[in-house]
Amino acid sequence: LMVLGDTHPEEHLHAAAVEALPHFGQKVVEPTLLRLEDCDENEALSLCEVLSTCGVKDERIYECLMALFEELPAVALSLGAYGDARALPALGRALSTIKEGGEHSLLTIADLGDAIERLGGTLTGPQRQKREQAQARVEAPEVKGEKGVTLVRRVELGRNDPCWCNSGKKYKKCHLDEDEAKHYAESN
Numbered sequence: 453l454m455v456l457g458d459t460h461p462e463e464h465l466h467a468a469a470v471e472a473l474p475h476f477g478q479k480v481v482e483p484t485l486l487r488l489e490d491c492d493e494n495e496a497l498s499l500c501e502v503l504s505t506c507g508v509k510d511e512r513i514y515e516c517l518m519a520l521f522e523e524l525p526a527v528a529l530s531l532g533a534y535g536d537a538r539a540l541p542a543l544g545r546a547l548s549t550i551k552e553g554g555e556h557s558l559l560t561i562a563d564l565g566d567a568i569e570r571l572g573g574t575l576t577g578p579q580r581q582k583r584e585q586a587q588a589r590v591e592a593p594e595v596k597g598e599k600g601v602t603l604v605r606r607v608e609l610g611r612n613d614p615c616w617c618n619s620g621k622k623y624k625k626c627h628l629d630e631d632e633a634k635h636y637a638e639s640n
């Protein structure tokens with residue numbers, strides 16, 4: 453768990469720890485909950501991922517995820533992975549009220565919609581439209597700049613972010629290798 457606080461989410465060691473810790477099941481719950489009491493936002497998101505995928509159903513985990521979700525809407529993915537449908541009303545309210553304001557909010561909008569559907573919920577028409585518009589803006593390869601100049605915009609994904617293809621897999625387990633190979637080929 454200390455590795456998560458000492459590394460950045462983009463680092464391989466951090467990603468490996470997030471992937472390995474859930475295999476400890478019940479043994480990881482108590483120390484993770486304790487660590488969540490005093491950590492930064494990046495570490496909190498990683499710890500939420502650990503708790504949501506460790507296979508343990510514990511009211512303390514649910515309450516912790518919900519409390520953090522109020523502060524960090526990006527916890528939506530962890531709520532979806534945890535699998536407790538009691539989170540649906542809060543996720544739905546958040547998706548209905550969140551305002552677009554930068555790339556992170558666009559990703560959060562997409563994550564909220566995905567979490568709702570993963571928990572068996574249904575998006576309303578306006579929610580579905582908001583998610584689709586956010587996904588299209590995040591995935592748009594080009595943006596028209598001043599005086600009609602086309603700017604290529606590359607969205608940097610972290611290894612643990614959801615893959616851009618919306619497969620539901622982490623980027624590192626889906627398109628990371630392919631994208632890196634393509635980027636390498638284009639630069640040579």
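Just so you know, we're using our numbering here: the sequence shown kicks off at 453 and counts up by one. Yeah, the Cβ is synthetic: ideal placement off N, Cα and C, and Gly gets one too.
- If you ignore the 5 residues before and after Arg487, its C-beta comes within less than 7 Å of the C-beta of Leu453, Leu499, all in its own chain and listed in chain order.
- The closest CA to that of Gln585, considering only Cys516, Lys551, Lys509, is found on Lys551.
- Here the C-alpha atom of Glu482 lies approximately 16 Å from the C-alpha atom of Ala472.
- One Cα belongs to Pro525, the other to Ala546, and the distance between them is close to 8 Å.
- Inter-residue distance for Tyr623 and Asp629 is about 9 Å (C-alpha atoms, whole angstroms).
- In the DSSP assignment, Glu493 falls within the alpha helix (DSSP H) that extends over 493 to 505.
- Residue range 511 to 523 is occupied by the alpha helix (DSSP H) that includes Phe521.
- Judged by DSSP secondary structure, Thr484 falls within the alpha helix (DSSP H) whose first and last residues are 478 to 488.
- Around the Cβ of Lys625, a 10 Å sphere holds fewer than 16 other Cβ atoms; the residue is exposed.
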